[in-house]
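In our numbering, the protein residues as written are 279 to 389. The beta carbon of each residue, even a glycine, is placed where N, CA and C say it ideally should be. In what follows, a structure is listed as structure tokens, so that the remarks can point back to it.
Written out as structure tokens, the structure reads:
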């Protein structure tokens, strides 16, 4: 596993820990000032969709380069990146489905 993939995995783990702490009601301190971004939920959702799209595009490009015999690419790195992109997409679809369910539940509430 190359250092870029390792850094990406570590970043993902840090984000998961942050979400877990936030769901338990603990204060979440950002690691640096760039971690705080304005815009609310819609902006964060848009950024997340962009990151998922970029991950899928990068993984597909890397797979194509591997198929063409580009030097320096190992099959394991390509497969790991493809799996990460797939997992990101599945997670995004799951979140979307839960948001739709929550919206339907709120819409059906008696006032």
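- A contact between stretches requires three or more CB pairs, one per stretch, nearer than 8 Å, and the stretch 348–368 meets this requirement with the stretch 329–340.
- When C-beta atoms of the stretch 316–331 are compared with those of the stretch 344–359, fewer than three pairs fall below 8 Å, so the two segments do not count as touching.
- Excluding sequence positions up to five before and after residue 330, its CB lies within less than 7 Å of the CB of 366, 367 and 370, all in the same chain and listed in chain order.
- In this chain, the alpha helix (DSSP H) harbouring residue 364 covers 353–385.
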